[in-house]
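In the numbering used here, the protein residues as written are 4 to 127.
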């Protein structure tokens, strides 16, 4: 394992975690699930752009991909918080839980695809 690349992942992860924490702190506990939804949607869009740019032939160093993709966006987005928010919603209302899960999963997939396609389109 390359210690420089590991350090880049750690640095990106620290930045992503702090950014997510800051956003969730700004919205407050009552709106935390919506912050998680927004963070996951934005993170999916940005990761789609990153990998779309790579697919389009843009030269991005391995270190940059690890810093931004694996580290920053990996820590910024969060599956575990999404899972817990879904459970909390299900305790209140099954329809709220289903809506949250559909918005999170479908929205993340859609925005990742849009980011990917946009990067391909811009590059060509």
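Idealized CB from N, CA, C, for every residue including glycine.
Cβ neighbours of residue i in the same chain (closer than 6 angstroms, five flanking residues each side left out)
i	result
residue 47	111, 114 and 115
residue 88	36 and 39
residue 20	78
residue 92	99, 100 and 103
Neighbour-count burial assignment, residue i, 16 or more Cβ in a 10 Å radius
i	result
residue 23	buried
residue 118	buried
residue 69	buried
residue 53	buried
residue 34	exposed
residue 9	exposed
Sequence-distant residues of its chain with Cβ nearer than 8 angstroms to residue i (five each side left out)
i	result
residue 13	74
Rounded C-alpha distance that separates residue i from residue j
i	j	result
residue 100	residue 41	16 angstroms
residue 122	residue 49	10 angstroms
residue 55	residue 61	9 angstroms
residue 109	residue 124	22 angstroms
residue 45	residue 83	17 angstroms
residue 64	residue 18	19 angstroms
Supposed close pair residue i, residue j - CB separation, criterion 8 angstroms
i	j	result
residue 127	residue 58	Wrong, their Cβ atoms sit about 11 angstroms apart, outside the cutoff.
residue 81	residue 43	7 angstroms
Close Cβ partners of residue i (< 7 angstroms) along its chain, the five nearest in sequence each way excluded
i	result
residue 72	50 and 53
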